[in-house]
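Numbering (the numbering used here), first residue to last: 13 to 464.
If you want it as structure tokens, here you go:
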């Protein structure tokens, strides 16, 4: 049994948390892991998805865009629909964090601990091309993973930042309608997926995480506008990181009020400190998830608001000529760390904020030309404005994702490569064939069609 390796102190903690349901929780530890495909309605409809994956099943009790597909994550990750940003692989209960925000169009949203990107991509789907997302991750390697996942979804109403939360909070005073703090935690909800995490279980680690979480909440609090909503979540079970953390936060900030969540999945929070904490939800293996705590709070107190400075578009003739010739004059060009980014809107950029992506990544200036990056192929700007597109059949799609050139005559210059109307790659034609721009690090050697 999986529980044979669980630390005894962890089992004691879970006995207290689960109470009468402890034995049922213990018995469920050997059940299969919960996995889901979260559809991106900006790029694919349910009917389109089910035509390609006819064995997919809705996950009962969860939002309508979550499906279980009876194959491996590796196989799904290799599919061109995944590379095109049509879906995201996510543990079901993780999707409820963004559901708790109840995002509306044109809102300003902060995801302050955003890697690997599941919540940020879900927020972008909810915003539907409106509003602004600030997606922040301070760790450089995790930030790179975040950008990779965001680039597949291809939305340009965002900036990706690499800052500590104190700088974020001070730079965006009263700017955000919604904030998600999916806090670094002791990760007990990941033990079934990654048992190696158990070696870090200790009271000291729980208290260390609780101190970090307290600092993050305090730091981002000033950036939430009056009437705004903050959702706090963890993937752990320790009370110190969950209900106790929230209780101490609202004691320091009595203008923050716990609200009911817009779903009933899971079990009530532990209410021994305050009855209102029962409005929080805990999702365990018994409710179809691996382990999440979620709390929704609203700021009722007065809050100053400051409009942040805006990122300045570049007037570089090469970039402007490219935009005018291949896209649309309304699109703004930004240069971020020597990389060319594009957006159809103004983007915030306070002076102390380290912006590492603004809108969508186009590519780099190489001497007197622009070298377009693979990431641009799945962007909404490319899908809307880029004129040269081609769809490949299943066999040629497999070859292209393998890194092969494609023998198609009559195409010169950059071309978007698609499969069943979903564009996932970039090629460059010379009139005789299409050279492959699919990155070596993500090339596919397994037939994606074998595991549909």
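Positions of the beta carbon are idealized from the N, C-alpha and C atoms, including for glycine.
When DSSP labels each residue in this structure, what does residue i get in the three-state scheme?
i           : result
residue 373 : strand
residue 296 : coil
residue 215 : helix
residue 68  : coil
residue 304 : strand
residue 451 : coil
residue 108 : helix
residue 365 : coil
residue 346 : strand
residue 78  : strand
residue 156 : helix
residue 456 : coil
residue 399 : coil
residue 83  : coil
residue 15  : helix
residue 48  : strand
residue 189 : strand
residue 262 : helix
residue 119 : coil
residue 164 : helix
residue 354 : strand
residue 316 : coil
residue 311 : strand
For the alpha helix (DSSP H) containing residue i, name the first residue and the last one.
i           : result
residue 62  : 58-64
residue 95  : 92-95
residue 414 : 406-414
residue 336 : 329-338
residue 147 : Here residue 147 belongs to no alpha helix (DSSP H); instead the beta strand (DSSP E) covers 144-148.
residue 268 : Unbroken run through residue 268 is the beta strand (DSSP E), 268-271; no alpha helix (DSSP H).
residue 444 : Run containing residue 444: none; DSSP gives neither H nor E here.
Take residue i as the anchor and find which of the options has the nearest alpha-carbon.
i           : options               : result
residue 65  : 45, 39, 73 and 94     : 94
residue 339 : 354, 88 and 424       : 354
residue 88  : 393, 68, 386 and 149  : 68
residue 460 : 72, 189 and 91        : 91
residue 346 : 182, 366 and 374      : 374
residue 83  : 212, 49, 72 and 300   : 49
residue 322 : 359, 305 and 387      : 359
residue 146 : 395, 52, 236 and 324  : 236
residue 481 : 366, 387, 381 and 438 : Here the chain covers residues 13 to 464 and nothing more, so residue 481 does not appear.
residue 178 : 153, 232 and 148      : 232
residue 426 : 138, 55 and 447       : 447
residue 445 : 408, 434 and 457      : 408
residue 196 : 453, 126, 25 and 397  : 126
residue 452 : 80, 182 and 385       : 385
residue 57  : 77, 273 and 142       : 77
residue 117 : 428, 256, 141 and 108 : 141
residue 109 : 80, 30 and 276        : 276
residue 371 : 378, 404 and 324      : 324
residue 273 : 285, 257, 266 and 308 : 308
residue 285 : 33, 139 and 256       : 256
Span of the beta strand (DSSP E) holding residue i?
i           : result
residue 132 : Residue 132 -> not in any beta strand (DSSP E); alpha helix (DSSP H) instead, spanning 130-139.
residue 177 : Run containing residue 177: none in the beta strand (DSSP E); it sits in the alpha helix (DSSP H), 177-183.
residue 210 : Counting along the chain, residue 210 falls outside any beta strand (DSSP E), and DSSP gives it neither H nor E.
Within this structure, are the beta carbons of residue i and residue j separated by less than 9 angstroms?
i           : j           : result
residue 161 : residue 132 : yes
residue 242 : residue 344 : no
residue 159 : residue 369 : yes
residue 136 : residue 188 : no
residue 192 : residue 113 : yes
residue 436 : residue 406 : no
residue 357 : residue 115 : no
residue 270 : residue 254 : no
residue 175 : residue 366 : yes
residue 317 : residue 186 : yes
residue 201 : residue 304 : yes
residue 164 : residue 128 : no
residue 290 : residue 328 : no
Heavy atom of the ligand HEM less than 8 angstroms from the Cβ of residue i, yes or no?
i           : result
residue 250 : Summarising the ligand content, the structure contains no ligands, and the ligand HEM is consequently not present.
Meets three-Cβ-pair contact criterion under 8 angstroms: the segment 276-285 and the segment 326-338: No, they do not touch.
The segment 98-114 in contact with the segment 42-62 per 3-pair CB rule at 8 angstroms: Counting C-beta pairs with one atom in each stretch, the segment 98-114 and the segment 42-62 have three or more that are closer than 8 angstroms, which means they touch.
Cβ contact check for the segment 410-418 and the segment 384-393: 3 or more pairs under 8 angstroms: No contact exists between the segment 410-418 and the segment 384-393.
The segment 30-40 in contact with the segment 250-263 per 3-pair CB rule at 8 angstroms: No contact exists between the segment 30-40 and the segment 250-263.
Three-pair Cβ contact test at 8 angstroms for the segment 249-257 versus the segment 204-224: These segments touch.
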